[in-house]
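Residue numbers (UniProt numbering): 1 to 187.
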């Protein structure tokens with residue numbers, strides 16, 4: 001295949017030579033002006049939604065993340081095995097909460113057209129985290145309530161108490177999600 005073309009001032013002609021086909025001439029004319037640009041960009045679906053975080057469920061998510069950071073700070077380093085479990089649950093729930101915060105902040109729920117029951121998904125996630133947090137703070141407090149002398153004892157007991165507080169916050173969010181999920185059946 002060979003291509004031959006005229007000078008730039010003349011419309012281009014592309015000629016293809018093939019041994020079994022007759023000569024084919026294709027006219028290619030340059031387009032006038034700029035190419036059309038679309039308004040849709042890669043991230044045009046993102047809609048920053050700060051208003052959600054002024055609602056009670058939004059404030060609960062922010063509280064969950066902040067209390068999770070406090071639990072992480074107070075329980076580190078993990079000297080006892082119970083604290084390792086507590087930190088595992090705190091990190092797992094912190095990451096899950098950050099994902100849900102991102103979902104609500106950039107409007108993923110509204111942008112995706114997949115048949116996902118978002119309320120039920122978040123309800124199951126929050127319910128699981130509530131149960132795990134309840135187990136974790138009980139383990140944390142029971143491990144550190146023994147007469148174990150360490151300079152980290154008071155901070156780890158405080159971490160367990162903040163774990164109790166975060167369990168209550170997750171349970172409140174779980175209740176609100178359950179109420180919203182039940183309301184979808186009555187509509």
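Glycine included, C-beta positions come from ideal geometry on N, C-alpha and C.
Here's a check: name, in chain order, each residue in its chain whose Cβ is nearer than 7 Å to the Cβ of residue i, leaving out the five neighbours to either side.
| i | result |
| --- | --- |
| residue 100 | 61, 122 |
| residue 67 | 162, 165, 166, 169 |
| residue 96 | 125, 129 |
| residue 178 | 123 |
Considering just the uninterrupted stretch of the alpha helix (DSSP H) at residue i, what are its terminal residues?
| i | result |
| --- | --- |
| residue 57 | 56–75 |
Please work out which residues of its chain come closer than 6 Å, Cβ to Cβ, to residue i, disregarding the five sequence neighbours upstream and downstream, and give them in chain order.
| i | result |
| --- | --- |
| residue 161 | none |
| residue 142 | none |
| residue 52 | 58, 104 |
| residue 18 | Only weak support exists for where residue 18 lies, its pLDDT of 48 falling under 50; the coordinates are left without a value. |
| residue 188 | What the structure shows of the chain is the stretch from 1 to 187, and residue 188 is not part of that stretch, so it cannot be assessed. |
| residue 78 | 84, 87 |
Using alpha carbons as the reference points, say which of the options lies closest to residue i.
| i | options | result |
| --- | --- | --- |
| residue 140 | 175, 71, 180 | 71 |
| residue 158 | 92, 69, 182, 59 | 69 |
| residue 107 | 185, 186, 182, 50 | 50 |
| residue 85 | 179, 138, 55, 184 | 138 |
| residue 174 | 54, 146, 64 | 64 |
| residue 120 | 90, 77, 184 | 184 |
| residue 94 | 156, 73, 182 | 73 |
| residue 135 | 56, 82, 76, 75 | 82 |
| residue 145 | 186, 176, 89, 80 | 80 |
Please confirm if residue i has its CB atom under 8 Å from at least one CB of chain C.
| i | result |
| --- | --- |
| residue 69 | This model lacks chain C altogether; it includes just one protein chain. |
Once you ignore the five residues that flank residue i on each side, which residues in its own chain have a CB closer than 8 Å to its CB?
| i | result |
| --- | --- |
| residue 92 | 129, 132 |
| residue 110 | 47 |
| residue 148 | 80 |
Are three or more beta carbon pairs between the stretch 101–120 and the stretch 160–168 nearer than 8 Å?
Contact fails between the stretch 101–120 and the stretch 160–168, because fewer than three Cβ pairs, one in each stretch, are under 8 Å apart.
Below 8 Å, how does it come out for the stretch 168–186 and the stretch 118–137: are there three or more Cβ pairs, yes or no?
Using a C-beta cut-off of 8 Å, the stretch 168–186 makes contact with the stretch 118–137, since at least three inter-stretch Cβ pairs fall below that distance.
Quick check: the stretch 91–108 against the stretch 139–156, are at least 3 beta-carbon pairs closer than 8 Å?
Contact between the stretch 139–156 and the stretch 91–108 is absent, with fewer than three C-beta pairs closer than 8 Å.
Going residue by residue through the UniProt domain "MARVEL" (52–182), where are the continuous alpha helix (DSSP H) segments of at least 4 residues, counting only ones entirely within it?
56–75, 81–106, 108–111, 118–144, all fully within the UniProt domain "MARVEL" (52–182).
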